[in-house]
Structure formats: structure tokens, C-alpha cells
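Colleague: Using our numbering, the final residue of the sequence shown is 487, and nothing's skipped along the way. If you scroll down you'll find the structure; I have some questions about it.
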Amino acid sequence: SQARAYELAVQLVKQLGQMKGAAMKIGQVLSTVDFELIDEEDREGFKARLAELRDNAPKVAFADMKKVLEKDLGGDIDEFFPEFDPEPVAAASIGQVYRATTEEGEEVAVKIQYPGVAEAVETDMRNVKMLVPLLKRLAPGIDAKALLAELRERIAEELDYELEAANQRQIHRHFRGHPFIQVPKVHSALSTRRVLVTEFVEGKSFEEIKELPDDERDRYGEIAFRFFFGLMSREHIACGDPHPGNYIFPDSGRVCFLDFGLLRRVPPDYLAGEQALARSIVGGDAAETHRLLSELGYLPEPEEFEPGRLLEQLQTAGEWYFEPGFRRLTPEYVRHAIEVGSSPRSEYYDYMRRQTIPPPALLMRRMEGLLFTVLGEMRAGADWGSIAFEYMAGAEPTTELGVEDAGFFAARA
């Protein structure tokens, strides 16, 4: 019953709340899962509790954070940062971010990992197994084991700030000098496994830009779409964290992207298969769609799926970027599309239940789903289908931003 489902949901939030390290990250991932068994009113309350977990990072005293920094850098804080504001400017899932100035007078953001968080996360991940039965009852449509295995891997990667620094350096180089995309520069000499120092970027937050007029939100939405899809098509990188805390909107009109702890490098031949699949869906080729889905690993028993119905399922669920034409995304539109694509109430549920997401595609699907949700919250409008086709099929750009973007990379080549 729905009342019972809600009790289970409350229990889940309670168990997560007792965790020291992994709870925020798990909260982030779960807040994107559709808990279709909980009724509408309760579902909003539950999502709010998860969001609280996500945003309620533990506050750790500055003295303790300073010890981590000094131990990792091998000296007093003043030797490296003549000015250091002890008040954190943001909480990351496993650390806090501070504002400081380097000896050269550069303003920087200093992300420091919570002391002992690596050990706490280890313990949490062992306890996470207890959540599997609970998750299965709340969201039968998800593969709880695969979700938690992905989480385990993700969290291990997020604990390694050196890996994140290397990721960010690569993406910063890729977009250096770009007309509307910015990625903060990394200060490698000051960064370690538990400390990440990058240039400090000021600007509006996601919550603030949600209040702007349509044309400004539309422009920001298109930039976000181009950042994630462009990175995937040019560099074969699926960037797994498009959630709202990872954008800054400086006065320059550019969008600054943060947080590269979670990336997947998608094998080029696999990505080519995904792009061919998207083209076959857009072109309405049922036989080719069936063949590619089977080849890429989405259909455990290919003969159980009728090609025409399979094509219809994908065109319906991914309408927002498989169909050309202007479309303003809203939270309601996103909720409806997710329901069509993943809820037991969907007319395609018998097909969805028997499909699986192959490991190389997990992060791509997560990126698309989160980006879709973010664009819906932004209420951004664009011809998403035509923009997506630039990246899936090398089509000519149809917008001013597209022309600028293509020009930037062409000049570089």
C-alpha cells in the first residue's frame, strides 16, 4: 500500500541520515529515481527529505579541516595562502570549499576533504547492502544492485581529488578560450589527494537564474546542453554530475561548470554505436534500432522484442531530443516523460522491465536524465532535437550559439 511505501521511504531516509560519508552522495543519486509506489503528496515530501540529505553536509570545524590541509601540503596554511577565509563558501558531498588567496595574489577555491571521510565511506558502503531490499520495494523498476555497484565505484573515484584534478585539467584545456563555456583552472602544485585548489569564479547560482526572463534562461539551458553533449561527442567523455550545484553564472554571460569527480571515458566504437542508434530512432528505422540495441547490450533476449513497438517506446520516452521543433521543458513535462520511460504505470513497462542498461552507457543515461531534469527546473526552451542532431550526426548548427561553438573548434583544428 502507499502508506506502507511511505513508511519505508521514511525508514530509508533515517538509515541514510545515520551515515557519515556516503549519505549525501546516495541522496543525490536517489533523488533522481522515480519512486512510483509512493503517492503524489508523500512523494514530494520524500524527495524533499532526500534533497535535505543532499544539501545537509556535515559542518566540520575549521580547525579540523585546516589539519587535513596542512598535513597534505606539508606546512603551515599561511605559507601557501596569505589570506584564507575560515567560513566555507560551499559544502561538497565529502568536503568543504573555502575561499583563499595564493602567494601570487590569485583568488582560489580550496576544496578540502572531511577528516576520516574515506574510512566512514568504507563503513557506509558495507551498510548500503541493507538498503537493497528497501529500494527494491520502493522502486521495482530500478536495478538496485547495479545502482549501488555504480555508487560504490563513483564514491571511490570521488574520494580521489588527484583524479578529479586530472579530469578538470583535461576539460579546462578543451574549453580554454571558449566564447560561452568556462571551466576553472586547476592549481596543480597546491592540489593533493585530499585537497583540490582551483581558480575562484564568482557569479549567480542556479536558484537565482531560475527567476530570469525566458530568453536568458533559454540561452543558459542551450549552453548546458552543448557542454555535456559536445564533451561526449568530441572527447568521448560522459560527465556524470550535471546537478544544480555544479553551475555558476558569471556576469560575462558564460556558464562555468564545476565538479569533475565523476567521468566515464566511453570507448569510441561504443559511442559510435550509440550515435548510430540515435540516428535510427530519429529516422524511424525499427529493424536497425532493434539490431543496434541488441548489439550494444540493451536487450538480454532480443527475440522477445517486436521492433516496431520498441521503436515507439524509445521515440515516446526520448521525444524531447529525438524530435525536432521548439520545446519548452518544465518540471511537469519532465515528470511525465520519466513516467513514460520508467514507471510501472507506463504502457511500455512490460518492455522496459526486460531491458537492461549496459555498463558503458550507465553514466551517459544518468547524464542525460539529470540534464533533462535540470533543464526542466530551469524551464529552458530550445529546438533540442536539432541541437542533439549536431552531435549525433554532425548536422550543421541551427542556432547562433551552435555557429559560435562550431567556429571555435574548427579554428582550433
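All residues carry an ideal CB built from backbone N, CA and C; glycine is no exception.
Per DSSP, which residues does Gln170 bridge with? Please list them.
Modeller: Indexing the sequence shown from 1 puts residue 170 at position 96. Answer is Ala165 and Ile186.
Colleague: Could you name the residues that DSSP lists as bridge partners for Ile311?
Modeller: Position 237 of the sequence shown holds residue 311. DSSP output for Ile311 lists Arg339 as bridge partner(s).
Colleague: With Asp234 and Arg200 assumed to form a contact (beta carbons below 8 Å), what rounded beta-carbon distance in angstroms separates them?
Modeller: Your numbering for residue 234 matches position 160 in the sequence shown. Your numbering for residue 200 matches position 126 in the sequence shown. 19 Å between Cβ atoms; not a contact.
Colleague: For the putative contact between Ala346 and Leu366, defined by C-beta atoms under 8 Å, what is the C-beta separation to the nearest angstrom?
Modeller: Sequence index remark: in the sequence shown, residue 346 carries index 272 (1-based). Sequence index remark: in the sequence shown, residue 366 carries index 292 (1-based). So it is not a contact: roughly 11 Å between Cβ atoms.
Colleague: So the beta strand (DSSP E) Glu470 belongs to, where does it begin and stop?
Modeller: Indexing the sequence shown from 1 puts residue 470 at position 396. Counting along the chain, Glu470 falls outside any beta strand (DSSP E), and DSSP gives it neither H nor E.
Colleague: Using the C-alpha atoms, what's the distance from Gly443 back to Leu384?
Modeller: Working through the sequence shown from its first residue, we reach residue 384 at position 310. Working through the sequence shown from its first residue, we reach residue 443 at position 369. Rounded to whole angstroms, Leu384 to Gly443 spans 20 Å at the Cα level.
Colleague: Tell me where the alpha helix (DSSP H) around Leu264 begins and ends.
Modeller: For the purposes of this step, residue 264 is taken as the residue at position 190 of the sequence shown. Careful: Leu264 lies outside any alpha helix (DSSP H) and carries neither H nor E.
Colleague: By the 10 Å Cβ neighbour count, where 16 or more other Cβ atoms means buried, how is Gln85 classified, buried or exposed?
Modeller: One-based indexing of the sequence shown puts residue 85 at position 11. Answer is exposed; the Cβ neighbour count stays below 16.
Colleague: Taking the straight line between their C-alpha atoms, what separation do you get for Phe254 and Trp458?
Modeller: Within the sequence shown, residue 254 is the residue found at index 180, counting from 1. Within the sequence shown, residue 458 is the residue found at index 384, counting from 1. So the alpha carbons of these two residues sit roughly 18 Å apart.
Colleague: Skipping 5 residues on each side, what residues in its chain have a beta carbon closer than 7 Å to that of Leu436?
Modeller: For this step, residue 436 is matched to residue 362 along the sequence shown. Correct list, in chain order: Glu224.
Colleague: Return helix, strand or coil for Val275, following the three-state DSSP convention.
Modeller: Residue numbering aside, residue 275 sits at position 201 when the sequence shown is read from its first letter. Three-state result, Val275: coil.
Colleague: For the stretch 459-478 against the stretch 422-438, are there 3 or more C-beta pairs whose distance is under 8 Å?
Modeller: With a cut-off of 8 Å, the stretch 422-438 and the stretch 459-478 do not count as touching, because too few Cβ pairs lie within range.
Colleague: Straight-line CA distance for Thr447 to Tyr395?
Modeller: Reading the sequence shown from its first residue, position 373 is the one you call residue 447. Reading the sequence shown from its first residue, position 321 is the one you call residue 395. Each residue's alpha carbon lies about 13 Å from the other.
Colleague: Would you check if there are 3 or more beta carbon pairs closer than 8 Å linking the stretch 289-306 to the stretch 472-484?
Modeller: Because the criterion of three Cβ pairs below 8 Å is met, the stretch 289-306 and the stretch 472-484 touch.
Colleague: Here's a check: name, in chain order, each residue in its chain whose Cβ is nearer than 7 Å to the Cβ of Asp138, leaving out the five neighbours to either side.
Modeller: As a first step, residue 138 must be located in the sequence shown, where it is residue number 64. Around Asp138: Pro189.
Colleague: I think Pro156 touches Phe136, with their Cβ atoms under 8 Å apart; what is that distance to the nearest whole Å?
Modeller: Translated into the one-based positions of the sequence shown, residue 156 becomes position 82. Translated into the one-based positions of the sequence shown, residue 136 becomes position 62. Actually they are not in contact, since the Cβ atoms of Pro156 and Phe136 sit about 17 Å apart, beyond 8 Å.
Colleague: Provide the residue span of the alpha helix (DSSP H) that contains Phe280, from first to last.
Modeller: Residue mapping note: residue 280 aligns to position 206 of the sequence shown, counting from 1. Taken as a continuous stretch (DSSP letters only), the alpha helix (DSSP H) holding Phe280 covers Phe280 to Ile283.
Colleague: Do you know how far the Cα of Glu281 is from the Cα of Asn320?
Modeller: Taking the first residue of the sequence shown as position 1, residue 320 is located at position 246. Taking the first residue of the sequence shown as position 1, residue 281 is located at position 207. Answer to the nearest angstrom: the Cα atoms are 12 Å apart.
Colleague: Can you find a heavy atom of the ligand SAM that lies under 6 Å from the Cβ of Tyr407?
Modeller: In the structure shown, the ligand SAM is absent, as is every other ligand, since no ligand is present at all.
Colleague: May I have the straight-line CA-CA distance separating Ser460 from Pro398, to the nearest angstrom?
Modeller: For the purposes of this step, residue 460 is identified with residue 386 of the sequence shown, where counting begins at 1. For the purposes of this step, residue 398 is identified with residue 324 of the sequence shown, where counting begins at 1. Rounded to whole angstroms, Ser460 to Pro398 spans 5 Å at the Cα level.
Colleague: To the nearest angstrom, how far is it from the Cα of Gln389 to the Cα of Tyr344?
Modeller: Residue mapping note: residue 389 aligns to position 315 of the sequence shown, counting from 1. Residue mapping note: residue 344 aligns to position 270 of the sequence shown, counting from 1. Distance between the alpha carbons of Gln389 and Tyr344 is about 21 Å.
Colleague: Measuring straight from C-alpha to C-alpha, what distance separates His261 and Val414?
Modeller: Residue 261 sits at position 187 when you count from the first residue of the sequence shown. Residue 414 sits at position 340 when you count from the first residue of the sequence shown. Spanning the two alpha carbons is a distance of roughly 45 Å.
Colleague: By Cβ distance below 7 Å, which residues in the same chain neighbour Val408 in space, the five residues on each side in sequence not counted?
Modeller: In the sequence shown, the residue the question calls residue 408 occupies position 334. Excluding positions up to five away in sequence, the list reads Phe446, Thr447 and Gly450.
Colleague: Within this structure, are the beta carbons of Arg402 and Gly358 separated by less than 7 Å?
Modeller: In the sequence shown, residue 402 corresponds to position 328, counting from 1. In the sequence shown, residue 358 corresponds to position 284, counting from 1. Against a cut-off of 7 Å, the Cβ pair of Gly358 and Arg402 comes out as no contact.
Colleague: Just to confirm my understanding: we take Phe400, look at its own chain, exclude 5 residues before and 5 after, and list those with CB closer than 8 Å. What are they?
Modeller: The residue labelled residue 400 in the question sits at position 326 within the sequence shown. Closer than 8 Å at Cβ, skipping near neighbours: Gly455, Ala456 and Asp457.
Colleague: Based on the DSSP secondary-structure assignment, which residues constitute the bridge partners of Phe488?
Modeller: Given a span of 75 to 487 for the chain in the structure shown, any question on residue 488 remains unanswerable.
Colleague: Leaving out five residues on either side along the sequence, give the residues of the same chain with a beta carbon under 7 Å from the beta carbon of Phe323.
Modeller: Position 249 of the sequence shown, counted from the start, is the residue given in the question as residue 323. Cβ within range, chain order: Gly277, Lys278, Ile283, Tyr294 and Val329.
Colleague: Looking at the structure shown, is Leu270 part of a helix, part of a strand, or coil, going by DSSP?
Modeller: For the purposes of this step, residue 270 is identified with residue 196 of the sequence shown, where counting begins at 1. Leu270 falls in the strand class under three-state DSSP.
Colleague: So which of Arg339, Gly392, Glu309 and Gly371 has the shortest CA-CA distance to Phe483?
Modeller: Stepping through the sequence shown from its first residue, residue 483 is reached at position 409. The residue with the shortest Cα to Cα distance from Phe483 is Glu309.
Colleague: Check for me: the beta strand (DSSP E) holding Val490 runs from which residue to which?
Modeller: What the structure shows of the chain is the stretch from 75 to 487, and residue 490 is not part of that stretch, so it cannot be assessed.
Colleague: What is the rounded straight-line gap between the Cα of Ala239 and the Cα of Ser265?
Modeller: Working through the sequence shown from its first residue, we reach residue 239 at position 165. Working through the sequence shown from its first residue, we reach residue 265 at position 191. Taking the straight line from one Cα to the other gives about 8 Å.
Colleague: For Phe302, which option in Asp152, Met438, Pro434 and Glu231 has the closest C-alpha, if you only look at C-alpha atoms?
Modeller: Here residue 302 refers to the residue found at position 228 of the sequence shown. Taking only the C-alpha atoms, the option nearest Phe302 is Met438.
Colleague: So, Val182 versus Phe274, is the Cβ gap smaller than 7 Å?
Modeller: Working through the sequence shown from its first residue, we reach residue 182 at position 108. Working through the sequence shown from its first residue, we reach residue 274 at position 200. In contact: Val182 and Phe274 (Cβ atoms closer than 7 Å).
Colleague: Take Ser368 and list the residues in its own chain whose beta-carbon comes closer than 7 Å to its own, dropping the five residues that flank it on each side.
Modeller: What you label residue 368 is simply residue 294 of the sequence shown in a count that begins at 1. Around Ser368: Pro376.
Colleague: Alpha carbons only, please: which of Val87, Ala166, Arg353 and Arg419 is nearest the one belonging to Glu232?
Modeller: In the sequence shown, the residue the question calls residue 232 occupies position 158. Glu232 has its Cα closest to that of Ala166, out of Val87, Ala166, Arg353 and Arg419.
Colleague: Where does Gln256 sit, in a helix, a strand or coil, going by DSSP?
Modeller: What you label residue 256 is simply residue 182 of the sequence shown in a count that begins at 1. Gln256 falls in the strand class under three-state DSSP.
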